[in-house]
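Notes follow the structure.
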Amino acid sequence: MELEQVRHALVTGGASGIGLGIVNAFTERGIPVTVADIVQERLNEQFADRTDSILPIRLDTRDRDGWARAKQEAESRFGPVDVLVNNAGIGPDGHEIADMAPASFDMTIAINLIAVFNGIHAFVNDMKERRSGHIVNTASMNGVIAGMARYGAYAAAKHGVVGLSEALREELEPFGVGVSVLCPGPVLSNMPETSRLLGNDAPAQRWPDGTVGMEPIFAGRIVLRSIELNLGHILTHPDYYPAIGHRMEVIREASEIEQAEWPKLEGWPD
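Quick note on the working numbering: the sequence shown kicks off at 138 and runs consecutively.
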């Protein structure tokens, strides 16, 4: 989608981290933005003096009635939403799956996956009718690499966002609506703090030794360029691709074993 065609973007989780980087990238291009975030204090801090081009709205993305209210308020201010960025999320709680509290699992899935559907449900039919628009859903590198210990619910949600986005892209392509799934590597964010504010345990943010998180504005600019290119997958750190390739290699090896072994089973069809 040409950015010159974008009249209004809506970004969830937009008051900090990657979301704020995406918001700032849009405003760099002169595009009005509705910023939805669950933390009112962050909205106040970031946007108190930027109300000419930004509409801050407090939104719990799990709340479908809240989505309807946010949509009405946003479009009353800036008109139809041309780009929806489902970015709000929380991090892993650091527990192994067997030790997770059910409430923690439910919250992780609800905010990181179900809320993405809620945003799509609120806006996608309007985009189909207009035959234009773009949706960006934030997943993670943990949505495309092999599972990591203590990331079980988080990985389940992020793999779900990847699969949902890939299916949605196929469904909306005939209507001229683009879909991208953002799979960021290390980017500076407040995700652990947000998780704790919502009552979910979260360890401090850790990355591999020596890794420095990307500044959010650069992640935001990558997202905008990817919208212009209509990329299905957005990787902020393409140097992480070997980890994705390792997962594919494990699957390929399994397939080769199956091709060799399964025909030996009794009753296997010729």
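Glycine is no exception: its CB is placed at the ideal position from the N, C-alpha and C atoms.
The Cβ-Cβ distance between residue 255 and residue 318 does not fall below 8 Å. Rounded to whole angstroms, the separation of the alpha carbons of residue 190 and residue 322 is 29 Å.
Just measuring C-alpha positions, the residue of 165, 151 and 152 sitting nearest residue 141 is 165. In this structure, residue 233 places its C-beta atom within 8 Å of the C-beta atom of residue 287. Here the segment 250–270 makes contact with the segment 192–210; the two share three or more CB pairs at distances below 8 Å.
In chain order, 143, 144, 145 and 270 place their CB closer than 6 Å to the CB of residue 219, counting only its own chain and leaving out the 5 sequence neighbours on each side. Here residue 306 is buried: its Cβ has 16 or more other Cβ atoms, across all protein chains shown, within 10 Å. Residues 399 of the same chain have their beta carbon placed closer than 7 Å to that of residue 405, with the five preceding and five following residues left out of the count.
By the criterion of a C-beta distance shorter than 8 Å, residue 282 is surrounded in its chain by 377, 380, 381, 383 and 384, once the five residues flanking it on both sides are discounted.
Exclusion of the five residues before and after residue 284 leaves 292 as the residues of its chain whose Cβ lies within less than 8 Å of its Cβ. Residue 250 is positioned such that its CB atom lies no closer than 8 Å to that of residue 324. In the three-state reduction of the DSSP assignment, residue 244 falls in the helix class. Straight-line measurement puts the Cα of residue 364 at about 16 Å from the Cα of residue 312. If you check the CB distance, residue 175 and residue 353 do not come in under 8 Å. Residue 372 has its alpha-carbon roughly 30 Å from the corresponding atom of residue 187. Taking C-beta separations shorter than 7 Å and ignoring five residues to either side along the sequence, the partners of residue 150 in its chain run 156, 174, 224, 225 and 226, following chain order. At least 8 Å separates the beta-carbon of residue 316 from that of residue 162. Annotation note: the segment 176–242 contains the following uninterrupted alpha helix (DSSP H) runs of length 4 or greater, listed N- to C-terminal: 177–184 and 201–215. Pairing residue 356 with residue 394, the inter-Cα distance amounts to about 40 Å. Within the model, the alpha-carbon separation for residue 302 versus residue 221 is close to 13 Å. Excluding sequence positions up to five before and after residue 268, its CB lies within less than 6 Å of the CB of 312 and 313, all in the same chain and listed in chain order.
Scanning its chain for C-beta atoms nearer than 6 Å, with the 5 sequence neighbours on each side dropped, one finds around residue 374 the residues 322, in chain order. Residue 235 holds the alpha-carbon nearest to the alpha-carbon of residue 290 among 403, 235, 192 and 171.
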